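Enquirer:
Protein chains: 2
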Amino acid sequence: MKQGRSRDIIRAGTTVEQMVRAISGLIVTGSLRPGDKLDEGSLAGRFEVSRTPVREALRQLGAMGLVKREPNRSAVVSTVDENHLNSMFEAMAELEGICARLAALRMTVDERRSIEAGHRASHRLIRDGAEDEYAAHNTRFHTALYLGAHNEHIYDLVTQTRARLAPFRRAQFHLPGRLVRSFEEHEAIVTAILRADAATAGNAAYAHVATVRTAAASVVANPQVFADL
Amino acid sequence: MKQGRSRDIIRAGTTVEQMVRAISGLIVTGSLRPGDKLDEGSLAGRFEVSRTPVREALRQLGAMGLVKREPNRSAVVSTVDENHLNSMFEAMAELEGICARLAALRMTVDERRSIEAGHRASHRLIRDGAEDEYAAHNTRFHTALYLGAHNEHIYDLVTQTRARLAPFRRAQFHLPGRLVRSFEEHEAIVTAILRADAATAGNAAYAHVATVRTAAASVVANPQVFADL
DNA sequence: GCCGCAAAAAGTGCATGCAGTTTTCCGTTT
DNA sequence: AAACGGAAAACTGCATGCACTTTTTGCGGC
Chain A
1 MKQGRSRDII RAGTTVEQMV RAISGLIVTG SLRPGDKLDE GSLAGRFEVS RTPVREALRQ
61 LGAMGLVKRE PNRSAVVSTV DENHLNSMFE AMAELEGICA RLAALRMTVD ERRSIEAGHR
121 ASHRLIRDGA EDEYAAHNTR FHTALYLGAH NEHIYDLVTQ TRARLAPFRR AQFHLPGRLV
181 RSFEEHEAIV TAILRADAAT AGNAAYAHVA TVRTAAASVV ANPQVFADL
Chain B
230 MKQGRSRDII RAGTTVEQMV RAISGLIVTG SLRPGDKLDE GSLAGRFEVS RTPVREALRQ
290 LGAMGLVKRE PNRSAVVSTV DENHLNSMFE AMAELEGICA RLAALRMTVD ERRSIEAGHR
350 ASHRLIRDGA EDEYAAHNTR FHTALYLGAH NEHIYDLVTQ TRARLAPFRR AQFHLPGRLV
410 RSFEEHEAIV TAILRADAAT AGNAAYAHVA TVRTAAASVV ANPQVFADL
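Residue numbers (the working numbering), protein chains in the order written: chain A, 1 to 229; chain B, 230 to 458.
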């Protein structure tokens, strides 16, 4: 394989996989913004591969919903209108609620210990106002929640939804009071889970997303609000 | 486009789209069964196209979860172990519950009228024991439910889940009493929706899937039980 | 007979080329 | 100056070819 020179960076898997990672990386980090055109030739040149793996990557990203493809025209980073954005938030809230509910019932002792420890540790980040670190913690927290539901398929669905919201949730936590609020909401979820109180955990998680969603609604035009998923 | 001869059948869209439809058709209808290898060359020959569009189609089907791909080896129709199957059923139940709940709140007058009319009409199919026709009705019924939730993203998720279950729900409704049971459960859902009773509708839809799931559990080894989704 | 193992066969991964389509650019007309 | 039209440029869609990997095959050793 790899006839010409190789762009070893990100070394792992096939060229197509690298392209999928690379391109979705550009999208998720915001280097490419919704609506931007994805020209196969340019991408191929940029990563020093032929158009073939780029095409396959775009096809896959299309199936995942990150980009939109139409016959004979360039792929485009998916845009979402307000309606669709709302529908994704609503779906996210439902899914998070389900995960929290199931997690409250199914998490192992280790998992409970782990999510609690992580949550406690994040308190320090709040006080220090370490936004970036808190964002990283936040990602881990929610991932733990999704895994805690012990349902492979739901994990896939929620992860996928999360990925599609990713382009829209850059640069947050900068809103005043956001961190503290987030921590408190996490607290409610964790407490309920530790108590194995499924209903409360589910409602708290639903409300957690709903909070963000409400905030988002007030910033409709410039949808850059929601990191806290 | 299309340099050589053309396989016009299914005429529509690009060659890749045709391949996606064709291959997923083979999977959903059972011509290809879970675990079967999908050889690019053979498929290309069979449909008289080059390997390129076949590869892209397989890539897309992989992203959709219908087939599994690993580097340097043939794509394979996705198998699901018992765990994963259960997780998909559980997810389906949750999603159907959500859809029914939202549909009870959001369906337009026309939508309510339409789903009720369809349901009423299906009564005749029960009496006649028209299994195939009832299966078709059943698909429409559930689709109407999903659309009635008026949430684009949830529609995507549930449709996708449904597609992944498709290979496993061939040839059902043949179980004795299945049709009647299904009809009764639909009835409960419809009634609640017409009353705009969200909680009841949600529970009924959840239970509807749970019923099928239970039936499935008793047939673990040969997972050919669940048409009623 | 069966295990190992090397060579052949089959199959995937990617690059390249060309046909067809869309987009861009520019001169012409109104 | 804006609107139109058409040719050139840019780009997508697919076929084909070759390198590399996996699978199969066939044969000698045990």
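Note that beta-carbon positions come from the ideal geometry of N, C-alpha and C, so glycine has one too.
Treat the numbers as computed from the prediction; the structure is a model and nothing was measured.
Of the residues that make up the region 254–288 of chain B, which ones have a beta carbon closer than 9 Å to any beta carbon in chain A?
Expert: So the list reads T281, R284, E285, A286, R288, given in the order they occur along the chain.
Enquirer: Which whole-angstrom value is the C-beta distance of B/A332 and B/A428, which I expect to be below 8 Å?
Expert: Along the second sequence, read from residue 1 onward, the residue named residue 332 of chain B stands at position 103. Along the second sequence, read from residue 1 onward, the residue named residue 428 of chain B stands at position 199. Their Cβ separation, rounded to whole angstroms, is 13 Å, which puts B/A332 and B/A428 out of contact at 8 Å.
Enquirer: Please report how far the alpha carbon of A/A61 lies from the alpha carbon of B/M248, in whole angstroms.
Expert: Within the first sequence, numbered from 1, the residue matching residue 61 of chain A stands at position 61. Within the second sequence, numbered from 1, the residue matching residue 248 of chain B stands at position 19. Going by the sequence as given, residue 61 of chain A is Leu instead of Ala. One C-alpha to the other measures close to 18 Å.
Enquirer: Measuring only the C-alpha atoms, how far is B/N367 from A/V109?
Expert: Taking the first residue of the second sequence as 1, we reach residue 367 of chain B at position 138. Taking the first residue of the first sequence as 1, we reach residue 109 of chain A at position 109. Their Cα atoms are separated by approximately 42 Å.
Enquirer: So the candidates are A/E152, A/V180, A/A163, A/R213; which of them puts its Cα closest to the Cα of B/E311?
Expert: As a working note, residue 311 of chain B is residue 82 in the second sequence. Measuring from the Cα of B/E311, the nearest candidate turns out to be A/E152.
Enquirer: Using three-state DSSP, classify A/R127 as helix, strand or coil.
Expert: Within the first sequence, residue 127 of chain A is the residue found at index 127, counting from 1. Correct three-state label for A/R127: helix.
Enquirer: Using DSSP bridges, identify the partner residues of A/V67.
Expert: Within the first sequence, residue 67 of chain A is the residue found at index 67, counting from 1. A/V67 is bridged to A/V77.
Enquirer: Can you find the residues in the same chain that come closer than 6 Å, C-beta to C-beta, to A/Y146, ignoring five residues on each side of it along the sequence?
Expert: Here residue 146 of chain A is taken as the residue at index 146 of the first sequence, counted from 1. So the qualifying residues of the chain are C99, Y155, V158.
Enquirer: Of all the CB atoms in chain B, is at least one closer than 8 Å to the CB of A/N203?
Expert: By one-based count along the first sequence, residue 203 of chain A stands at place 203. Not one chain B Cβ lies under 8 Å of A/N203.
Enquirer: Quick one, are the C-beta atoms of B/G406 and B/F370 less than 8 Å apart?
Expert: Taking the second sequence and counting its residues from 1, the one referred to as residue 406 of chain B is at position 177. Taking the second sequence and counting its residues from 1, the one referred to as residue 370 of chain B is at position 141. No. Outside cutoff.
Enquirer: Give the range of the alpha helix (DSSP H) segment to which B/F397 is assigned.
Expert: Residue 397 of chain B sits at position 168 when you count from the first residue of the second sequence. Note, B/F397: premise wrong, no alpha helix (DSSP H); not H, not E.
Enquirer: Between the region 120–133 of chain A and the region 62–79 of chain A, are three or more C-beta pairs nearer than 8 Å?
Expert: Output reads no: the region 62–79 of chain A does not touch the region 120–133 of chain A.
Enquirer: Using a Cβ-Cβ distance under 8 Å, would A/I126 count as near chain B?
Expert: Indexing the first sequence from 1 puts residue 126 of chain A at position 126. With 8 Å as the cut-off, A/I126 does not count as an interface residue toward chain B.
Enquirer: Considering only residues of the same chain and omitting the five flanking positions on each side of B/R280, which have a CB-CB separation below 7 Å?
Expert: In the second sequence, residue 280 of chain B corresponds to position 51, counting from 1. Closer than 7 Å at Cβ, skipping near neighbours: E269, G270, A273.
Enquirer: Between A/A75 and chain B, is any beta-carbon pair separated by less than 8 Å?
Expert: Sequence index remark: in the first sequence, residue 75 of chain A carries index 75 (1-based). So no, A/A75 is outside the interface.
Enquirer: So the candidates are B/R250, B/R341, B/S260; which of them puts its Cα closest to the Cα of B/F397?
Expert: Translated into positions along the second sequence, residue 397 of chain B becomes position 168. The option with the nearest alpha carbon to B/F397 is B/S260.
Enquirer: DSSP three-state label for B/L374, please.
Expert: The residue you call residue 374 of chain B lines up with position 145 of the second sequence. Here B/L374 sits in helix by DSSP.
Enquirer: Give me the DSSP bridge partner(s) of A/L43.
Expert: On the first sequence, residue 43 of chain A is found 43 positions in, with the first residue counted as 1. Answer is none; A/L43 lacks a bridge partner.
Enquirer: Does the beta-carbon of A/T231 have 16 or more other beta-carbons within 10 angstroms, so that it is buried, or is it exposed?
Expert: The structure shown does not extend to residue 231 of chain A, since chain A is modelled only from 1 to 229, so the question has no answer here.
Enquirer: Would you check if the distance between the CB atom of A/G35 and the CB atom of A/V80 is smaller than 8 Å?
Expert: Position 35 of the first sequence holds residue 35 of chain A. Position 80 of the first sequence holds residue 80 of chain A. Cβ atoms of A/G35 and A/V80: not closer than 8 Å.
Enquirer: Can you tell me whether A/A63 is buried or exposed? The criterion is at least 16 other CB atoms within 10 Å of its CB, across all chains shown.
Expert: Working through the first sequence from its first residue, we reach residue 63 of chain A at position 63. Result: buried.
Enquirer: As a quick exercise: from A/T15, A/T14, A/V28, A/G13, pick the residue whose alpha carbon is nearest that of A/R164.
Expert: Taking the first residue of the first sequence as position 1, residue 164 of chain A is located at position 164. Of A/T15, A/T14, A/V28, A/G13, the residue nearest in Cα terms is A/V28.
Enquirer: So the candidates are B/R335, B/R442, B/T372, B/G294; which of them puts its Cα closest to the Cα of B/R424?
Expert: For this step, residue 424 of chain B is matched to residue 195 along the second sequence. The shortest Cα separation from B/R424 among B/R335, B/R442, B/T372, B/G294 belongs to B/R335.
Enquirer: DSSP on A/L95, reduced to helix/strand/coil?
Expert: Along the first sequence, one-based indexing puts residue 95 of chain A at 95. It is helical.
Enquirer: Rounded to the nearest angstrom, what separates B/E325 and B/A433 at their Cα positions?
Expert: For the purposes of this step, residue 325 of chain B is taken as residue 96 along the second sequence, with counting starting at 1. For the purposes of this step, residue 433 of chain B is taken as residue 204 along the second sequence, with counting starting at 1. Computed Cα separation, rounded: 9 Å.
Enquirer: Between B/V438 and A/F47, what straight-line distance do the alpha-carbon atoms span, to the nearest angstrom?
Expert: One-based indexing of the second sequence puts residue 438 of chain B at position 209. One-based indexing of the first sequence puts residue 47 of chain A at position 47. Using only the alpha carbons, I get a separation of about 47 Å.
Enquirer: Looking at B/R288 and A/E56, is the spacing between their C-beta atoms short of 8 Å?
Expert: Position 56 of the first sequence holds residue 56 of chain A. Position 59 of the second sequence holds residue 288 of chain B. Cβ distance < 8 Å, so A/E56 and B/R288 count as in contact.
Enquirer: Can you name the residues of chain A whose CB is closer than 7 Å to the CB of B/M317?
Expert: For this step, residue 317 of chain B is matched to residue 88 along the second sequence. Those within 7 Å of B/M317 in chain A are H153.
Enquirer: Does the Cβ of B/V409 have 16 or more other Cβ atoms within 10 Å, making it buried, or fewer, making it exposed?
Expert: Here residue 409 of chain B corresponds to residue number 180 of the second sequence, with the count starting at 1. Burial call: exposed.
Enquirer: Give the range of the alpha helix (DSSP H) segment to which B/T420 is assigned.
Expert: Counting from one through the second sequence, the residue named residue 420 of chain B turns up at place 191. Run containing B/T420: 407–423, per the alpha helix (DSSP H) assignment.
Enquirer: Taking B/I418 and B/G377 to be in contact with their CB atoms under 8 Å, please state how far apart those CB atoms are, rounded to whole angstroms.
Expert: If you number the second sequence from 1, residue 418 of chain B lands on position 189. If you number the second sequence from 1, residue 377 of chain B lands on position 148. No, B/I418 and B/G377 are not in contact; Cβ-Cβ is about 11 Å, not under 8 Å.
Enquirer: Using DSSP with H/G/I as helix, E/B as strand and the rest coil, what is B/L261?
Expert: Taking the second sequence and counting its residues from 1, the one referred to as residue 261 of chain B is at position 32. Residue state, collapsed to three classes: coil.
Enquirer: Any beta carbon from chain A within less than 8 Å of B/T368's own beta carbon?
Expert: Position 139 of the second sequence holds residue 368 of chain B. It does not; no Cβ of chain A falls within 8 Å.
Enquirer: Going by other Cβ atoms of all chains shown within 10 Å of its Cβ, with 16 needed for buried, is B/Q232 buried or exposed?
Expert: Translated into the one-based positions of the second sequence, residue 232 of chain B becomes position 3. No answer about B/Q232 holds up, because its pLDDT of 34 lies below 50 and its placement is not dependable.
Enquirer: Compare the Cα-Cα distances from B/E323 to each of B/D426, B/Y435, B/G254, B/V296 and report the closest residue.
Expert: The residue labelled residue 323 of chain B in the question sits at position 94 within the second sequence. Of the listed residues, the one whose Cα sits closest to B/E323 is B/Y435.
Enquirer: Please list the partners that A/T159 has in chain B, where partner means a Cβ-to-Cβ separation under 9 Å.
Expert: If you number the first sequence from 1, residue 159 of chain A lands on position 159. Residues of chain B passing the Cβ test: none, with the nearest at roughly 12 Å.
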